[in-house]
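Below is one structure, written out as structure tokens, with a few remarks after it.
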Amino acid sequence: MKHKPLDEQVIVITGASSGIGLCTALLAAERGARVVLLARSGEALEDVVAAIGAEGGKAEAFRVDVADRDQIDDAVERILAAHGRIDTWVNNAGVSIYGRLDEVAEDDHRRLFEVNFWGVVNGSLAALPSLRSSEGVLVNLGSEVSEGVIPLQGMYAASKHAVKGFTDALRVEEERVDGQPVTIVLIQPTAVNTPFPQHARNYLEHEPKLPEPTIDPHRVAEAILDAAEKGGRDVKVGAFAHVNTALSKILPRLADRMSAARAGQQEHDAPPLRPEGTLFKPGQSGQVYGVDDDGEVIPSA
Numbered sequence: 001m002k003h004k005p006l007d008e009q010v011i012v013i014t015g016a017s018s019g020i021g022l023c024t025a026l027l028a029a030e031r032g033a034r035v036v037l038l039a040r041s042g043e044a045l046e047d048v049v050a051a052i053g054a055e056g057g058k059a060e061a062f063r064v065d066v067a068d069r070d071q072i073d074d075a076v077e078r079i080l081a082a083h084g085r086i087d088t089w090v091n092n093a094g095v096s097i098y099g100r101l102d103e104v105a106e107d108d109h110r111r112l113f114e115v116n117f118w119g120v121v122n123g124s125l126a127a128l129p130s131l132r133s134s135e136g137v138l139v140n141l142g143s144e145v146s147e148g149v150i151p152l153q154g155m156y157a158a159s160k161h162a163v164k165g166f167t168d169a170l171r172v173e174e175e176r177v178d179g180q181p182v183t184i185v186l187i188q189p190t191a192v193n194t195p196f197p198q199h200a201r202n203y204l205e206h207e208p209k210l211p212e213p214t215i216d217p218h219r220v221a222e223a224i225l226d227a228a229e230k231g232g233r234d235v236k237v238g239a240f241a242h243v244n245t246a247l248s249k250i251l252p253r254l255a256d257r258m259s260a261a262r263a264g265q266q267e268h269d270a271p272p273l274r275p276e277g278t279l280f281k282p283g284q285s286g287q288v289y290g291v292d293d294d295g296e297v298i299p300s301a
């Protein structure tokens with residue numbers, strides 16, 4: 001199903017103050033979309049909106065915790081009051097925890113699920129009525145670990161499995177059972193060079209990192225915006241996303257061994273910088289990338 005061109009769309013992006021969300025917002029605004037940014041990071045959002053406006057783009061932002069359905073509902077009401085519709089809604093907000101499953105506090109596990117899973121549920125269900133009316137697109141960010149796993153980020157993987165299950169079931173209900181004119185897309189990237197590790201809650205003895213290789217966040221942003229115009233079903237981004245998800249289905253024991261090998265690839269040599277991360281409080285980095293060309297952590301603004 002084809003949808004409106006980007007320069008005619010109102011696009012809402014959660015987790016838009018850094019990483020993939022920020023990259024997608026900047027790219028969408030550059031291509032003429034009216035962009036609405038949602039995140040907890042108020043100062044970073046203000047800076048992004050100002051930067052987009054300075055380049056002639058159209059953007060606004062609302063400070064929202066996606067784990068709170070009331071805040072999401074309020075944002076939807078305000079967006080519809082201002083624009084009358086939502087053409088694409090992107091559920092991108094997410095957090096992670098680095099640490100063994102049996103060593104992470106239960107409150108931390110639960111908070112991760114509130115953001116990563118219930119945040120997607122909240123955004124999806126709040127946006128659906130408008131997306132049906134506009135014949136729009138719902139884009140949910142999964143991961144290669146929506147089908148595979150990764151040690152030391154076990155609850156993150158569990159949450160992304162849950163996102164895939166929810167997204168697939170919602171797609172069947174909306175598109176197949178009810179025949180609604182809405183497209184529901186799951187994006188499954190491999191590891192992406194964003195501030196994701198710096199924002200994670202960290203139980204490790206060193207600063208966390210993503211296992212190599214990582215891909216540029218612009219590749220994921222392009223996949224999201226392509227879905228906004230052309231629709232789709234599930235979109236894997238990066239070669240390792242294809243390899244790891246295929247192995248998890250075809251050769252699961254080999255996939256387990258390969259996953260175990262990544263346990264030692266998730267730490268820098270340096271001690272932890274901000275082990276509390278942004279699990280319970282917003283960050284204000286406003287950065288697309290997490291490390292520079294030499295693999296060094298980019299300091300937060």
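In full-length UniProt numbering, the protein residues as written are 1 to 301. Every residue gets a Cβ at the ideal spot worked out from N, C-alpha and C, and that includes glycine.
Can you tell which of the options has its C-alpha closest to the C-alpha of residue i?
| i | options | result |
| --- | --- | --- |
| D244 | A255, F166, D234 | The identity of residue 244 in the sequence shown is Asn, whereas the question assumes Asp. Checking every option, the nearest Cα to that of N244 belongs to A255. |
| H161 | I187, G84, V137, L128 | I187 |
| G142 | A241, K164, S134 | K164 |
| V139 | Y289, E276, D269, T14 | T14 |
| T214 | D269, A263, G295 | G295 |
| I79 | R233, Q9, G286, D226 | Q9 |
| E276 | E229, E207, R253, Q287 | E207 |
| A28 | G57, V120, G231, A50 | G57 |
| V49 | L273, L279, G286 | G286 |
| E55 | V137, I250, E229, G32 | G32 |
| E41 | A16, L247, S248 | In the sequence as displayed, the identity of residue 41 is Ser instead of Glu. Ranking A16, L247, S248 by Cα distance to S41 puts A16 first. |
| R262 | P211, Y289, L101 | P211 |
| G119 | V90, G232, V145, H268 | V90 |
| R201 | L225, L37, I86, P282 | P282 |
| S146 | A81, D107, K249 | K249 |
| Q198 | P299, I52, I11 | P299 |
| V12 | R34, E30, G19 | R34 |
| G84 | G99, D226, L131, E229 | L131 |
| I184 | R274, A127, F196 | A127 |
| E144 | P189, V137, V95, V177 | P189 |
| V121 | P252, G94, V104, S18 | G94 |
| Y156 | G264, D269, S96 | S96 |
Taking residue i as part of the alpha helix (DSSP H), name the residues at either end of that continuous run.
| i | result |
| --- | --- |
| A25 | 19-30 |
| T167 | 154-171 |
| V48 | 42-54 |
| P189 | Premise fails: P189 lies in the beta strand (DSSP E), 183-189, not in any alpha helix (DSSP H). |
| Q198 | 196-199 |
According to DSSP, what are the bridge partners of residue i?
| i | result |
| --- | --- |
| I11 | V35, T88 |
| E60 | V36 |
| V297 | V291 |
| P151 | P151 pairs with nothing; no bridge assigned. |
| P5 | Answer is none; P5 lacks a bridge partner. |
| V192 | I215 |
Is there a C-beta anywhere in chain C that falls below 8 Å from the one on residue i?
| i | result |
| --- | --- |
| L138 | The displayed structure is made up of one protein chain only, and chain C is not part of it. |
Inspect the CB distances between the stretch 103-113 and the stretch 56-64 and report whether three or more fall short of 8 Å. no
Starting from the N-terminal side, write out each stretch of the beta strand (DSSP E) that is 3 residues or longer and does not extend beyond the stretch 76-145. 88-91, 137-141
What beta strand (DSSP E) runs, 3 residues minimum, are completely inside the stretch 223-282? 234-237
Check whether the stretch 66-81 touches the stretch 2-9, taking contact to mean three or more Cβ pairs, one atom from each stretch, closer than 8 Å. no
Contact the stretch 218-238 vs the stretch 152-160: 3+ CB pairs below 8 Å: no
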